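Written below as structure tokens is the structure these notes are about.
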Amino acid sequence: MRNLVLAPEALVVAAAVVLLLGGRLGWYRPRARRYLPAAAALVTLVALGVELWAGATLGTYFGGGFVQDRFALFAKAAALLAAAIVLAVADWTAEDSLSIGLAMPLLAAFGVMVAASAGDLVALWAGLELAAAAGVVMVSLRRPDLALRLLVSGGVASSLLLIGLAFLYATAGTSDLTAMRDVLFSGAPTIALAIPLFLAVSGLALRATLAPFHLAGVPASLGASPLGAGLVLGLVAAAAAVVAIKVAAVLNPIPTVFSSYLEVIAAVAMVGGGAAALAVRSPRARMAYLAAGQIGWVAAGLVTHYRAGLAGSLFLLGAFAVAATCGPAVMGRADGGEPALAGMGVLRPARAAGLALAMLSLAGAPPLAGFFGEFAVGAALAQSGHFGLLALGILGSVLSLAAAVGTLRLIYLQSPLEEARRGSALPVLTRLSTLGAVAFCFVIAAYGLLSNPILGLADQGAEALGLR
Amino acid sequence: MILLTIAAASPSPAPVVPGAGIFTSPLLMSLLVWVPVASAIAIAILPNPRGRYDVLMKQIAFFTNLGLVFILFVAYNQFEAFLPTAQYEEKVPWLQAIGASYHLGVDGPGMVMLILSGLVGIISVLASLGVRERVRSYFCLVLLTQSAINGAIVARDMFVLILFWSAAAVPIAILILGWGGPRRHAAAWRLVGYWGLGTGALVVGTMTLYAAAGGSSFDMDVLLKAAISPRIQIVVAVAMIIAAATRLPLFPLHGWARDVYAEAPIGVTVVVAGSAARLGAYLLLRVVIAAEPAAAHLLSPLLAALAALTVGYAALAALRPIDLRRVGAYLSMIPGGITMLGLAALSPLSIAGSVLSLFAGGMAAALIVGACATLSDRAQSRSLQVLSGLAPRMPIITWLLVIAGFAVLGVPLLGTFLAEMLTFFGAFKNQPIGAFAVAAGLVVAAVALASLFRRILFGPPNPDAPGVSDASLGETWYLALLAGALLWVGVFPSGPKLPGTDTPLFDQGLVNVMAAGISDIASPYTGATPTPAP
């Protein structure tokens, strides 16, 4: 069993490499469009199955650089589930390259997996960069200018993060996360540590496209293909959140060095995301801002620096990763302004249901995945006395909900437009994409019903990070 | 899956004979919540090419509601009327890490609300039989709304309450956006805004209570019995009052009511005015009056002031006639004010009046908005400048509108009379100023109603008005059902008895059903007044 722990990572990377090589060397015939997405989704599902089966085995590998614990199990399972569904649900006629489009979600998921299993600062950073690089590649296929912008902003984020991590390393004298936490128990919060950590938090916020650090991420997601948008908004942000959770757990003994910044950032993200979602009219932009608002809730959970808060953040992160990654892909080509969605409920019922559920879940509407996650974070905020942040979060959720209702109106209440007036075609129907949309709906709707074991696992994940 | 878990987890006595005890099933409350959801899903996935099966969709919605009323009838009749604790309880751990459980159950006031919700549900379907566009979506959303309302009523865990309380807003907003009148957009966004504010206040209040009670459970049995400081009680109570005021609605958080009641389709208006809005008072009863006596005592003058302002404002606004549906909207706010007065008075009698007013006031509010909307539809105009002298041409609607007006005012023989009598008897002692103000508001409302009737029903006919027709059979049925329920409770508050005996026939009486729960809720207010600590 111990030998199988690395099997999911190996499967995912091998599949991505084969897909990239095959695309580069021209191995695939045009017919491949039919079966390759299904095969890639199947491989990811197998990796998810192996992870759930063998991932419960605890252990450390590569001299402590790779840790398999409950936190890693939860985060990796969420990333793999999101990747499997997005590969199935994507409208491949709307993507620019089949092989790259199939490989990049796998690599982004691999990045999240590396960050989730990271035992030291280097692996943590490497995982985040890998996921972010996959996002840049996807954006560059359609909009090189936006990819360049994303790359530059990502570089800035990376350097801010590195400065913070370097100072953390200098303070603790070790890059091992467990040892670092032990050292910080006897340490004291200092300005010298607080300033670089401010930079690190800013870097992570930039990566996670948290408002107001969404200036590169959201425009890039608007210009990218549906799959690319899902990667930037979902898996890359999830990778940043995983890094943030692990860093917050390390800094748990001295939370004052970062919690004030994070509180402000979370508040701005939750309210700003909801307000911006209400203000914009484009469905893709609305989804991007809803995602920015919900990742603010994930950040809010970290402010508590309690086990319940981090567990709530992790629980919500699972819901967020699936909804934000798959949401744009479910929307497919119908992202060209409001008229494109008109009557989608009649023309593409499964996808329309998926899109509606993605929007509502990102807005935190009951009884969907996002609501349960936000409620768990809210309970932790109340336990830790952060009632102001809780109130702002609720305000953001109400704004988000109003925005989501606006999109639902388009999907279900407006009559379908003629194709010529629509401006862009609806997503192409295939058996796989319909199955993917149904699976996506099931996951978003059942997350709450099955929330007891899922939140239990998230709680164990927070405990595995050393929190009590 | 959750139903199977409950069935496995909840102890249920083995039936002696096949079929015996089937209606004491531990799933009874879950059935009330999830059967409408299952029907909504069935409607959503049923093929309906070119609307061929629109009638089938309506039938599914109707028979689902009929089934729910049947389940409710059984539950009502098997309800242990003098047991103060919750009955038909179901409890399964849900989010154990934060102490949330799937805990349902119902006590006397809850049963009254369930009966209200069940009747309003079937009436709403009857009122919606005329819907022609997007029938599938409409009835799907109506069923989801009913499920959310039932869930909020039977919730015994604050997490479950928040879940269902907030879940009602989305389908109602979409129903208004899709099938509402000309100002439907404003109505829907106002509803989302105000109800969102109320949900926010409910969440903040609940979280405050949760943190103060140790942060281990959201179960009402734990949260509402926790010993918390009077200051925290006041914070929680203020949050709950805001939540309740946005729903009931109470002045000054009533901004959504006029537009929603005036613009929503009739079936939706009936549900919102009848049962969804009553959840506000039910929340206050359950969380503030029953559990936070110190805060309730301190804030009771505020509650009385809100009641008086609501009734006074609604009555004065109804005097300014422009639009018939708006007049109906304002008048439908009055029963909520009376319910609030009963809660403010904090005496067993007034609380009993409030609980009865939940039912009777809900029915009266649904009847007045329904009658005004139906009359507007049938007269092809809602302008009071146009409508005049309709009584000879619309005799059925005239009767029903007059009964609706009487119900709002609380005329004898109607359920609202009994509710108002209990409320005022209790309130004149503890909240005399508030009670006088509400009574004065009712006088103004009577003037407004008299003026309305004189103008549109008994005035000279307007030759320039569009053609009118009387209520259809479906419309007559749904309005008559509302009126009949009010009459039934007004005439038989303790249920009909065999002549010369105390043996109830088929109805043990709404007053008896609610009695035990009320004695438990009102127990802090029967003795000396607790004084809050500084």
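As they're listed, the protein sequences go chains A and B.
Position 335 of the first sequence, counted from 1, bears residue number 334 in numbering that gives the first Met the number 0, the numbering being contiguous throughout.
Position 274 of the second sequence, counted from 1, bears residue number 273 in numbering that gives the first Met the number 0, the numbering being contiguous throughout.
Here a beta-carbon is modelled for each residue, glycine too, at the ideal position from N, C-alpha and C.
Only a predicted model underlies this, so the values are computations on that prediction, with no experimental measurement involved.
Notebook entry, point to check: Got a sec: which bits of the segment 132 to 157 of chain B sit with their beta carbon under 8 angstroms from any beta carbon on chain A, in order along the chain?
Noted result: Closer than 8 angstroms at the C-beta level to chain A, one finds these residues of the segment 132 to 157 of chain B: R133 and S136.
Notebook entry, point to check: Using a Cβ cut-off of 7 angstroms, which residues of the segment 389 to 408 of chain A contact any Cβ in chain B, in chain order?
Noted result: So the list reads L389, A390, I393, L394, V397, L400, A401, V404, L407 and R408, given in the order they occur along the chain.
Next item on the list: Just tell me which of A:K245, A:A333, A:T208 and A:S220 has its CA closest to the CA of M269 (chain A).
Entry: The residue among A:K245, A:A333, A:T208 and A:S220 with its C-alpha nearest the C-alpha of M269 (chain A) is A:T208.
Note to self: For a cutoff of 8 angstroms on Cβ pairs, would you count P338 (chain A) as touching chain B?
What the structure shows: Cβ-Cβ to chain B under 8 angstroms: no for P338 (chain A).
Notebook entry, point to check: In or out: A419 (chain A) buried (at least 16 other Cβ within 10 Å) or exposed?
Noted result: Its pLDDT being 45, under 50, A419 (chain A) is placed unreliably by the model, and nothing is read from it.
Note to self: For I474 (chain A), count the other beta carbons within 10 Å of its own beta carbon; 16 or more makes it buried, fewer makes it exposed. Which is it?
What the structure shows: Residue 474 (chain A) lies beyond the stretch modelled for chain A, which goes from 0 to 467, so this question has no answer here.
Next item on the list: Return the CA-CA distance between A553 (chain B) and A167 (chain B), expressed in angstroms with no decimal places.
Entry: Only positions 0 to 533 of chain B appear in the structure, and residue 553 (chain B) is not among them; the question remains open.
Next item on the list: Would you mind working out which of B:G361, B:A365 and B:V237 sits nearest A261 (chain B), comparing C-alpha positions?
Entry: The residue with the shortest Cα to Cα distance from A261 (chain B) is B:A365.
Item checked: Selection from A:A37, A:L380, A:W296 and A:V427 that minimises the alpha carbon distance to G363 (chain A) -> Taking each of A:A37, A:L380, A:W296 and A:V427 in turn and checking the Cα distance to G363 (chain A), the smallest one comes out for A:W296.
Note to self: Under 8 angstroms, Cβ to Cβ, is there at least one residue of chain A near Y209 (chain B)?
What the structure shows: So, interface residue.
Note to self: Taking 6 angstroms as the limit between beta carbons, can you name the residues of its chain near I97 (chain B), skipping five residues before and five after?
What the structure shows: Apart from sequence neighbours up to five positions away, no residue of its chain approaches I97 (chain B) with a beta-carbon distance below 6 angstroms.
Note to self: Using beta carbons (cut-off 8 angstroms, strictly below), is G199 (chain B) in contact with chain A?
What the structure shows: At least one chain A Cβ lies under 8 angstroms of G199 (chain B).
Note to self: Within a Cβ cutoff of 8 angstroms, which residues of the same chain sit near M0 (chain B), ignoring the five residues on either side of it in sequence?
What the structure shows: Here M0 (chain B) scores only 44 on pLDDT, less than 50, and its place in the model is too uncertain to base an answer on.
Notebook entry, point to check: Is any beta-carbon of chain A found at less than 8 angstroms from that of I173 (chain B)?
Noted result: Yes, because at least one Cβ of chain A sits closer than 8 angstroms to the Cβ of I173 (chain B).
Note to self: Less than 6 angstroms between C-beta atoms, sequence neighbours within five positions excluded: which residues of the same chain meet that for T170 (chain A)?
What the structure shows: Excluding residues within five positions, the ones whose Cβ falls inside 6 angstroms are L192.
Notebook entry, point to check: In chain order, what residues of the same chain lie with their CB nearer than 6 angstroms to the CB of G216 (chain A), ignoring the 5 residues before and after it?
Noted result: Excluding sequence neighbours, G216 (chain A) sits near T208 and V231.
Check: If you check the beta carbons only, do G64 (chain A) and G118 (chain A) fall under 8 angstroms apart?
Finding: Yes, the pair counts as a contact, with Cβ atoms nearer than the cut-off.
Next item on the list: Quick one: which residues of the segment 89 to 106 of chain B get their C-beta closer than 7 angstroms to a C-beta of chain A? List them in chain order.
Entry: Identification of residues in the segment 89 to 106 of chain B having a C-beta nearer than 7 angstroms to some C-beta of chain A yields P92, W93, L94, Q95, A96 and I97, given in sequence order.
Margin query: Going by beta-carbon coordinates alone, are A426 (chain B) and T415 (chain B) separated by less than 8 angstroms?
Written below: Contact: no.
Check: Which residue's Cα is closest to the Cα of R49 (chain B): B:R133, B:F457 and B:L345?
Finding: Of B:R133, B:F457 and B:L345, the residue nearest in Cα terms is B:R133.
Notebook entry, point to check: Does the beta carbon of N2 (chain A) sit closer than 8 angstroms to a beta carbon anywhere in chain B?
Noted result: So, not an interface residue.
Checklist line | Residue range of the unbroken alpha helix (DSSP H) whose run includes K428 (chain B) | finding: First-last of the alpha helix (DSSP H) with K428 (chain B): G414 to N429.
Margin query: Judging by CA-CA distance, which residue of B:R155, B:T525 and B:G508 is the nearest neighbour of E79 (chain B)?
Written below: Per the C-alpha coordinates, the member of B:R155, B:T525 and B:G508 positioned closest to E79 (chain B) is B:G508.
Next item on the list: Can you say whether K224 (chain B) is buried or exposed, counting buried as having 16 or more other CB atoms within 10 angstroms of its CB?
Entry: It counts as exposed.
Next item on the list: Measure from the C-beta of V259 (chain B) to each C-beta in chain A and report whether the shortest distance is under 8 angstroms.
Entry: It does not: the Cβ of V259 (chain B) has no partner Cβ on chain A nearer than 8 angstroms.
Next item on the list: Anything in chain A within Cβ reach of M28 (chain B), meaning under 9 angstroms, just list it in chain order.
Entry: Correct list: empty, because the minimum Cβ distance to chain A is about 16 angstroms.
Next item on the list: Using three-state DSSP, classify Y534 (chain A) as helix, strand or coil.
Entry: As shown, chain A starts at 0 and ends at 467. That puts residue 534 (chain A) outside it, with no answer to give.
Item checked: Near-chain E residues of the segment 28 to 58 of chain A - C-beta to any C-beta below 8 angstroms -> Absence of chain E from the displayed structure is noted, the protein chains being A and B.
Margin query: Less than 8 angstroms between the beta carbons of V491 (chain B) and D501 (chain B), yes or no?
Written below: As written in the sequence, residue 491 (chain B) is Phe, which differs from the Val given in the question. For the pair F491 (chain B) and D501 (chain B), the CB atoms are not nearer than the 8 angstroms cut-off.
Next item on the list: Return the bridge partner residues of Q67 (chain A) from the DSSP annotation.
Entry: A:G58.
Next item on the list: Consult DSSP for V329 (chain A) and reduce its assignment to one of helix, strand or coil.
Entry: In this structure, V329 (chain A) counts as helix in the three-state DSSP scheme.
Check: Between the segment 337 to 350 of chain A and the segment 388 to 398 of chain A, are three or more C-beta pairs nearer than 8 angstroms?
Finding: Touching, no.
Next item on the list: Identify each residue in the segment 363 to 386 of chain A for which the Cβ-Cβ distance to at least one residue of chain B is less than 8 angstroms, and report them in chain order.
Entry: Within the segment 363 to 386 of chain A, the residues whose Cβ lies closer than 8 angstroms to any Cβ of chain B are, in chain order, A364, P365, P366, F370, F371, F374, A375, G377, A378, A379, L380, A381, Q382, G384 and F386.
Notebook entry, point to check: Buried or exposed: which applies to P14 (chain B), given that a residue is buried once 16 or more other Cβ atoms fall within 10 Å of its Cβ?
Noted result: For P14 (chain B), the predicted model reports a pLDDT of 41, less than 50, meaning its position is unreliable and no value from the coordinates is stated.
Check: Does the Cβ of V427 (chain A) have 16 or more other Cβ atoms within 10 Å, making it buried, or fewer, making it exposed?
Finding: Exposed.
Margin query: Considering just the uninterrupted stretch of the alpha helix (DSSP H) at S152 (chain A), what are its terminal residues?
Written below: Segment P143 to A171, the alpha helix (DSSP H) holding S152 (chain A).
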